[in-house]
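Undergrad:
Number of protein chains: 4
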Amino acid sequence: MTTRKQLDEAGPRLKATFLLGTLKHKRSGGDFSHTEVLSELVIEQLREYNVACEIVRLADYDIKPGVKSNMGAGDEWPGIQQKVLASDILVFATPIWWGNHSSLMQRAIERLDELHTELRETGKSRLTNKVGGIVITGEEDGEQHVTGNISNFLLSIGVTLPPLCAVSHLGSYTRATKKSLHKKLRAKKETADAAAKMARNLVFFARFLRKNAIPDT
Amino acid sequence: MTTRKQLDEAGPRLKATFLLGTLKHKRSGGDFSHTEVLSELVIEQLREYNVACEIVRLADYDIKPGVKSNMGAGDEWPGIQQKVLASDILVFATPIWWGNHSSLMQRAIERLDELHTELRETGKSRLTNKVGGIVITGEEDGEQHVTGNISNFLLSIGVTLPPLCAVSHLGSYTRATKKSLHKKLRAKKETADAAAKMARNLVFFARFLRKNAIPDT
Amino acid sequence: MTTRKQLDEAGPRLKATFLLGTLKHKRSGGDFSHTEVLSELVIEQLREYNVACEIVRLADYDIKPGVKSNMGAGDEWPGIQQKVLASDILVFATPIWWGNHSSLMQRAIERLDELHTELRETGKSRLTNKVGGIVITGEEDGEQHVTGNISNFLLSIGVTLPPLCAVSHLGSYTRATKKSLHKKLRAKKETADAAAKMARNLVFFARFLRKNAIPDT
Amino acid sequence: MTTRKQLDEAGPRLKATFLLGTLKHKRSGGDFSHTEVLSELVIEQLREYNVACEIVRLADYDIKPGVKSNMGAGDEWPGIQQKVLASDILVFATPIWWGNHSSLMQRAIERLDELHTELRETGKSRLTNKVGGIVITGEEDGEQHVTGNISNFLLSIGVTLPPLCAVSHLGSYTRATKKSLHKKLRAKKETADAAAKMARNLVFFARFLRKNAIPDT
Chain A
7 MTTRKQLDEA GPRLKATFLL GTLKHKRSGG DFSHTEVLSE LVIEQLREYN VACEIVRLAD
67 YDIKPGVKSN MGAGDEWPGI QQKVLASDIL VFATPIWWGN HSSLMQRAIE RLDELHTELR
127 ETGKSRLTNK VGGIVITGEE DGEQHVTGNI SNFLLSIGVT LPPLCAVSHL GSYTRATKKS
187 LHKKLRAKKE TADAAAKMAR NLVFFARFLR KNAIPDT
Chain B
7 MTTRKQLDEA GPRLKATFLL GTLKHKRSGG DFSHTEVLSE LVIEQLREYN VACEIVRLAD
67 YDIKPGVKSN MGAGDEWPGI QQKVLASDIL VFATPIWWGN HSSLMQRAIE RLDELHTELR
127 ETGKSRLTNK VGGIVITGEE DGEQHVTGNI SNFLLSIGVT LPPLCAVSHL GSYTRATKKS
187 LHKKLRAKKE TADAAAKMAR NLVFFARFLR KNAIPDT
Chain C
7 MTTRKQLDEA GPRLKATFLL GTLKHKRSGG DFSHTEVLSE LVIEQLREYN VACEIVRLAD
67 YDIKPGVKSN MGAGDEWPGI QQKVLASDIL VFATPIWWGN HSSLMQRAIE RLDELHTELR
127 ETGKSRLTNK VGGIVITGEE DGEQHVTGNI SNFLLSIGVT LPPLCAVSHL GSYTRATKKS
187 LHKKLRAKKE TADAAAKMAR NLVFFARFLR KNAIPDT
Chain D
7 MTTRKQLDEA GPRLKATFLL GTLKHKRSGG DFSHTEVLSE LVIEQLREYN VACEIVRLAD
67 YDIKPGVKSN MGAGDEWPGI QQKVLASDIL VFATPIWWGN HSSLMQRAIE RLDELHTELR
127 ETGKSRLTNK VGGIVITGEE DGEQHVTGNI SNFLLSIGVT LPPLCAVSHL GSYTRATKKS
187 LHKKLRAKKE TADAAAKMAR NLVFFARFLR KNAIPDT
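Protein chains in written order, with our numbering: chain A, 7 to 223; chain B, 7 to 223; chain C, 7 to 223; chain D, 7 to 223.
(1) Pick from Gly78(A), Gly27(A), Asp94(A), Glu42(A): whose alpha carbon is nearest that of Lys217(A)?
(2) Could you check how far apart the C-beta atoms of Gly154(A) and Ser157(D) are, in whole angstroms? I think they sit under 8 Å.
(3) Does the beta-carbon of Ser186(D) have 16 or more other beta-carbons within 10 angstroms, so that it is buried, or is it exposed?
(4) Could you tell me how far apart the beta carbons of Phe210(C) and Ile220(B) are, in whole angstroms, since I believe they sit closer than 8 Å?
(5) Quick check on the DSSP output: the alpha helix (DSSP H) that includes Ile140(B) runs from which residue to which?
(6) Below 7 Å CB to CB, which residues in the same chain sit around Ile163(C) once its five sequence neighbours on both sides are set aside?
(7) Quick check: what's the CA-CA separation for Val57(D) versus Lys194(A)?
(8) Using beta-carbon positions only, say whether Ile61(A) and Phe24(A) come within less than 7 Å of one another.
(9) Quick test of your reading: Gln51(A) and Ala202(A), contact by CB under 8 Å. State the CB separation rounded to the nearest angstrom.
(10) Taking a cut of 7 Å between CB atoms, which residues from the stretch 73–98 of chain D lie near chain C?
(11) Determine, for Thr8(D), whether the minimum Cβ-Cβ distance to residues of chain A falls below 7 Å.
(12) Is DSSP giving Glu127(A) helix, strand or coil here?
(13) Let me see if you follow: with CB-CB separation under 7 Å, is Ile220(C) close to chain B or not?
(14) Comparing alpha-carbon positions, which option in Ala200(A), Glu42(A), His40(A), Arg33(A) lies nearest Glu127(D)?
(15) Could you pull the DSSP bridge partners for His107(A) from this structure?
(16) Should Gln112(C) be flagged as near chain D, meaning a C-beta pair shorter than 7 Å?
(17) I'd like to confirm the pairing. Which residues does DSSP put opposite Cys59(A) in its beta bridges?
(18) Pick from Ala65(B), Ile69(B), Leu160(B): whose alpha carbon is nearest that of Cys171(B)?
(19) Over the uninterrupted alpha helix (DSSP H) stretch that includes Ser198(C), give me the two end residues.
(20) Which first and last residues belong to the alpha helix (DSSP H) in which Gly73(A) is found?
(21) Three-state secondary structure (DSSP) at Leu133(C)?
(22) Name the residues in the stretch 29–45 of chain C whose C-beta lies less than 9 Å from a C-beta of chain D; which are they?
(23) Distance check for Gly148(B) and Met111(A), CA to CA, integer angstroms please.
(24) Less than 7 Å between the C-beta atoms of Lys89(D) and Asp66(D), yes or no?
(25) Starting from Ile115(A), find everything on chain B with Cβ-Cβ shorter than 9 Å and list it in chain order.
(26) Name the residue from Thr223(C), Leu167(C), Ile142(C), Leu215(C) whose alpha carbon lies nearest to the alpha carbon of Thr197(C).
(27) Spatial neighbours of Val73(C) within its chain, please: C-beta separation below 6 Å, excluding the five flanking residues on both sides.
(28) Do Leu167(B) and Gly138(B) have their beta-carbon atoms positioned less than 7 Å apart in this structure?
(29) Where does Leu96(D) fall in DSSP's three states?
(30) Could you check whether the Cβ of Phe159(C) sits closer than 7 Å to any Cβ belonging to chain D?
(31) Would you check if the distance between the CB atom of His188(A) and the CB atom of Val43(A) is smaller than 7 Å?
(32) In the DSSP output, which residue or residues are listed as bridge partners for Ala172(B)?
(33) When the Cα atoms are used, what is the spatial distance from Gly105(A) to Pro18(D)?
(34) When you compare only the Cα positions, how much space is there between Asp81(C) and Lys70(C)?
(35) Count the other C-beta atoms from every protein chain shown that fall within 10 angstroms of the C-beta of Arg181(D), then say buried if there are 16 or more, exposed otherwise.
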């Protein structure tokens, strides 16, 4: 059985990119993102495995509507796609609004569509050998539906999904601060365990795929 | 039984607003929206009942991310919400991308969320006595899933859904022009029938609700 | 505005059928169905409007797999379909298992498929002028997704869905008795309100449709 | 890069179990299952890698409603679960009815729920180190939604999902025979390719996991 130590020694530093679909941009002041807080919980775990992690907060970018990798002047998606392509681990992190992932998460999915067109035409995906994860927060309902929708997309576009690769937290915390929510989630055994297992499995498969590419014929 | 004639005489002109979630804005030149073409097929039918119809192409507006009715400076949603509130019939028209409605359709749903908060707090919805419809286009798959997701939202926020209130068209027409697609859809008996029944049922319930408000106690 | 009194006087007694998709059959002894308890809460409200209500517990019948109205020897669905066709109000009541309605609820949907085939071939549905409702219970997640899926089916097959026609309760009550859960749900303002509004709206539209059939041309 | 040859040499014979959710049982005579035909296409590919494959046609068994691994007298699920637990590769094969997997597929999901309870209580899943696949057929719509729902379940219960692990075929073939459909699907490049890639990826991960168990701490 592979131990955490062995995972650490398995190669150069892994890179994880979190696409954060919160509707709140950084300039929105006091308001913090619950999804970001839960993502940070996973990131703490990934760092135990020496993974370099970056959160890309989609609301802070001008991402044009469309289904091409580059939608022209002013479009800030191409830079984000560079980060996606350079990652070993790709995490979709989104709040739930009316049972679905956020409009910003959906925007990212639409903008990745050209990679699927490429896969369909060439039989090869530039996302092959990447491992996917999912982080979800919401007020009360929808976690499994959103997990399913995002899983369908990631699998179709060439990403591997390890077991227990999703973590979620449902609940309404209108009076929470970023700090108090962090503390609350870390203290909740179920959530902390889920984050730990998710990180462990993401790393296990990412290290394997780095050394053993999926055959492409 | 109510005839089309009786429907026409039943009162002042009804108003229908189509929120069009295509990713293509008007400035995108040669590209046309399949969803707009299918919406226009429904509109032709609604006009038979003397309904005043307007398509609001979301891609042409700057709609800020968020879940409030007004997200501040530069936000063009408030004007759209005025149109929504002034309508008898509200149609969500969207392409499918990866099994879901578009990011722009989701944006509209998020921005209507404050009306649901109001409903939860006061027990009353400003969308009560409105009738909802759904128009969907896609390349190959997802129509029923999207219909379900939008239906769940509309029902929860106070809108009535008549039977057969959705019309969809799946198919890939990379070489179609707007004119040829129009002709194609109008000629397809199944689609033309669905549009006709959808219009008939939307009008039937809209006229009823205008004269008979749903009791609010 | 129509008052509750006016609704009562509006005509002969309405009939509501609840298709109950719990996995527990009556012989299973001490075990009770949470979904049945929530359905009874709605039934209490419907009786205020003099509606005759019946719960059909699917688990107590031998419903053969298939997509025809009658699957031959030993099939007990035909009797259930008679009840469905004789109703003004049709409620789908189901627990959630892994984000979806139960296998028994899905079985009922499959067995109603022949009515849709009939609608497609003749343009007419034998479910037209019926009003639909949804009752959902689950441990933690999935209510909106299930509401959407069932709504898509009911609308497609000719049923009208009033606003707020769904009620749900999520929560794990391993030590509840039938009596204690009843009390708990009735005492929970949000659930009691939802059941009351659902009943009010179902009756409002059922009475209307009984006197004013949807035009079928 | 791993070649097909290397995969073949990687160890003892892998075992794949297909849970087939068609509504048609074997006794139903002339009627054949489209989902079975598509499953056989995948099986042909798996056999290239020397995988021992078995289709369990759920409609031929008496599988009691419930969420336990054993529902008592007459329940034939326990024997099926033995096969599931003895497999390296587990494929869910289902037709689509009204946007969802079949009632028989849902029944299997419900009956596997106790394994999830076990996972929640002990932190360990007896399905860990198994690889999952999905086969879907339908008349026209719903493949991605069903893929998402089943993916959510499989990931949550401990199964690994390789990229491109689903194959589907939508279309209405009322006059097809089993033989003609087989020929048709095998001749359709897109379907044949999808089956080949699915088999390749299932085997790639199954061989890896047999030699390298996911760490369980």
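Quick reminder that beta carbons are idealized off the backbone N, C-alpha and C, glycines included.
TA: Straight from the coordinates:
(1) Of the candidates Gly78(A), Gly27(A), Asp94(A), Glu42(A), Asp94(A) places its Cα closest to the Cα of Lys217(A).
(2) Confirmed, Cβ separation roughly 6 Å.
(3) That one is exposed.
(4) Phe210(C) to Ile220(B), Cβ: 6 Å. Contact.
(5) Per DSSP, Ile140(B) lies in no alpha helix (DSSP H) segment; the continuous beta strand (DSSP E) that holds it begins and ends at 137–144.
(6) If the five residues before and after Ile163(C) are omitted, its C-beta is found closer than 7 Å to the C-beta atoms of Leu118, Leu121, His122, Leu125, Ser131, Leu133, all from its own chain and listed in chain order.
(7) CA-CA distance, Val57(D) to Lys194(A), rounds to 43 Å.
(8) A contact, by the Cβ cut-off of 7 Å.
(9) Confirmed, about 5 Å.
(10) For the stretch 73–98 of chain D, residues whose beta-carbon sits nearer than 7 Å to a beta-carbon of chain C comprise Val73.
(11) Summary for Thr8(D): the model assigns pLDDT 48, below 50, so the residue's position carries little reliability; its value from the coordinates is reported in the next sentence. Residue-level contact by beta carbon holds for Thr8(D) and chain A, with a gap shorter than 7 Å.
(12) DSSP places Glu127(A) within a helical segment (H, G or I) once states are collapsed to three.
(13) Interface annotation, Ile220(C): in contact with chain B, CB-CB separation under 7 Å.
(14) The candidate whose alpha carbon is nearest that of Glu127(D) is Ala200(A).
(15) According to DSSP, His107(A) bridges with Ile102(A).
(16) True, the Cβ-Cβ gap to chain D drops below 7 Å.
(17) Cys59(A) is bridged to Ala22(A).
(18) Taking only the C-alpha atoms, the option nearest Cys171(B) is Leu160(B).
(19) Reading off the sequence, residue 198(C) comes out as Ala, not Ser. Looking at the DSSP string, the run of the alpha helix (DSSP H) that includes Ala198(C) is 195–217.
(20) Note on identity: in this sequence residue 73(A) is Val, with Gly being the wrong assignment. Segment: none, Val73(A) is in no alpha helix (DSSP H) and carries neither H nor E.
(21) Three-state result, Leu133(C): coil.
(22) Listed by position along the chain: Leu29, Lys30, His31, Ser34.
(23) Their backbone Cα atoms lie some 18 Å apart in a straight line.
(24) With respect to Asp66(D), Lys89(D) sits apart: the two C-beta atoms are not nearer than 7 Å.
(25) Within chain B, the C-beta atoms nearer than 9 Å to that of Ile115(A) come from Trp103, Trp104, Asn106, Ser109, in chain order.
(26) When only C-alpha atoms are compared, the closest one is Ile142(C).
(27) Counting only Cβ-Cβ distances below 6 Å, and skipping sequence neighbours, we find Glu116, Asp119.
(28) Leu167(B) is positioned such that its CB atom lies closer than 7 Å to that of Gly138(B).
(29) In this structure, Leu96(D) counts as strand in the three-state DSSP scheme.
(30) Chain D, which has a Cβ nearer than 7 Å to the Cβ of Phe159(C), makes this yes.
(31) Between His188(A) and Val43(A), the CB-CB gap stays under 7 Å.
(32) Residue pairing of Ala172(B) in beta bridges, as defined by DSSP: Ile140(B).
(33) Cα-Cα distance, rounded: 44 Å.
(34) Spanning the two alpha carbons is a distance of roughly 6 Å.
(35) By the neighbour-count rule (16 or more Cβ atoms within 10 Å), Arg181(D) is not buried but exposed.
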